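Reading through the structure tokens given below for one structure.
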Amino acid sequence: MTYKDVLKNSIRTFEDLEKWLTGRKARVDPRLRDVIERYPMRVNSYYLGLIEKMNDGIWKQAIPDVEELEHYMDLTEDPLDEEGDIPLGGPRTIIHRYPDRVLLFVSIECAMYCRFCTRKRKVGDEHKHPSTEEIHRGIDYIAAHEDIRDVLVSGGDPFLIPAKRLDDILTRLAQIKHLDLIRIGTRVPCVWPQRIIEDKELIEVLRAHTPHSLNDPQLYINTHFNHPNEITEISFQAVKILRDLGIPLANQSVLLKGVNDDTDIMRDLVHALGKLGVKPYYLYYADLVEGTGHFRTGIHKGKEICRDLCGATTGFLRPTYVVDAMGGRGKVPVDLGYSEGISEDRRGGIITSAIGLGKVYINDPIERIEGKPKRHNHNLQRK
Ligand code: SF4
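FYI, in my numbering the residues of the sequence shown are -4 to 378.
Structural data, given as structure tokens:
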């Protein structure tokens, strides 16, 4: 089966889903038809094959659920107010929230429509597909704003567009002198790795856009794995091709109830990412998106998991837990909760050992002293 067939062999309609669920002796709720009408479905044959059992972490991310029709307090279509960050009178392909970074929206299509998606309001909606002209207007906007040093090429999934179109976008971006970074946000290494392995034209485009000198913008790929079972030999081969091109890769995960809201699963995920050669970068607290309430955990859950990961894994494999604040206020790293205040002499603080070795006093290195150092830390002071 070619990479194109993998996508062609997706379940997309209620009838496809009914047949698939019936084959697994799972209940077919007629309301699933409404779910799919409201939020598009696409589960390709590769990702379907990762499901081991009903309602496992792969199933939940891919298979529509009647819970998507439920309403929850505070959930809205666009909780991050991305539409509000489209420049006034400017191209709708630009989301400009931070002074030096923008998001360039190039596609509404994805290799799978994840049930928890923050952009559920627009992915898979043909009417919202950006035209070439709109993408060019977005690039012109970036060129006209010299403060912008970093662009995230996103969607939908930029690796769903034809290689020639991606080449055109990257070529135009590379000509903008004030850009330092071009990041591509894609879930393809996770959900459709065959495209990277087999589409040589895509790889040649990426190769052409890796930097040749410090004057060229650096190309990064942000990918998105949420569960250790998503990391397979095939995804390894896809990631290896990207790494062999010299492209640095980092991973963003979303904390999802019933998928990865568990320290053991998260530890397995970050360990597997380590083997993949992809740095776990962010763990997102799930956004307040209409249709995704059943995926939400308490905010404390991510703190607990990240706290448990301290001492349980290699430091650089521990992602930063962030909340993307409502209304476009940006990402906030959430305190891990290890700090327990400062001492009375204001020369340090007390932290709790991540591996259960009690509390430790840490000095602030604020004073330059003459002579032999005296320890402020009373625990360590030799008698
Ligand atoms: S691939 Fe990304 S943009 Fe597409 S549906 Fe999944 S989470 Fe949303």
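Glycine included, every Cβ here is placed at the ideal spot set by N, Cα and C. Predicted, not measured: the structure shown is a model, and the values here were computed from it.
Please list the segments of the alpha helix (DSSP H) lying wholly inside the stretch 172 to 197, counting only runs of 4 or more residues, in order along the chain. 183 to 186, 188 to 193
Can you give me the Cβ contacts of Ile242 inside the same chain, cut-off strictly under 8 Å, excluding the 5 residues immediately before and after it? Leu201, Thr205, Leu214, Tyr215, Ile216
Following the continuous alpha helix (DSSP H) through His131, name the residue where it begins and the one where it ends. 127 to 139
I need the straight-line Cα distance from Ile198 to Glu65, nearest angstrom please. 42 Å
At a threshold of 8 Å, does Gly52 count as lining ligand 1 (C-beta to nearest heavy atom)? no
DSSP bridge partner residues for Met107 (one or two, in chain order): Val38
If you reduce the DSSP assignment to three classes, tell me which class Pro153 lands in. helix
Check: Phe231 C-beta below 8 Å from any heavy atom of ligand 1: no
Measure from the alpha carbon of Arg144 to the alpha carbon of each residue in Lys172, Val249, Ile90, then state which is nearest. Lys172
Between the stretch 41 to 50 and the stretch 76 to 94, can you find at least three pairs of beta-carbon atoms closer than 8 Å? no
Three-state secondary structure assigned by DSSP to Gln438: Residue 438 falls outside the range modelled here, since the chain spans only -4 to 378, and no answer is possible.
Under 9 Å between the Cβ atoms of Leu237 and Tyr280? no
Could you give the distance in angstroms between the alpha-carbon of Ile294 and the alpha-carbon of Ser208? 43 Å
For the putative contact between Glu63 and Val30, defined by C-beta atoms under 8 Å, what is the C-beta separation to the nearest angstrom? 5 Å
4-residue-minimum alpha helix (DSSP H) runs that sit fully inside the stretch 28 to 93, ordered along the chain: 40 to 43, 52 to 57
Can you tell me which of the three DSSP states Asn255 falls into? coil
Alpha carbon to alpha carbon, how far is Val234 from Gly272? 8 Å
To the nearest angstrom, how far is the alpha carbon of Gly133 from that of Tyr108? 25 Å
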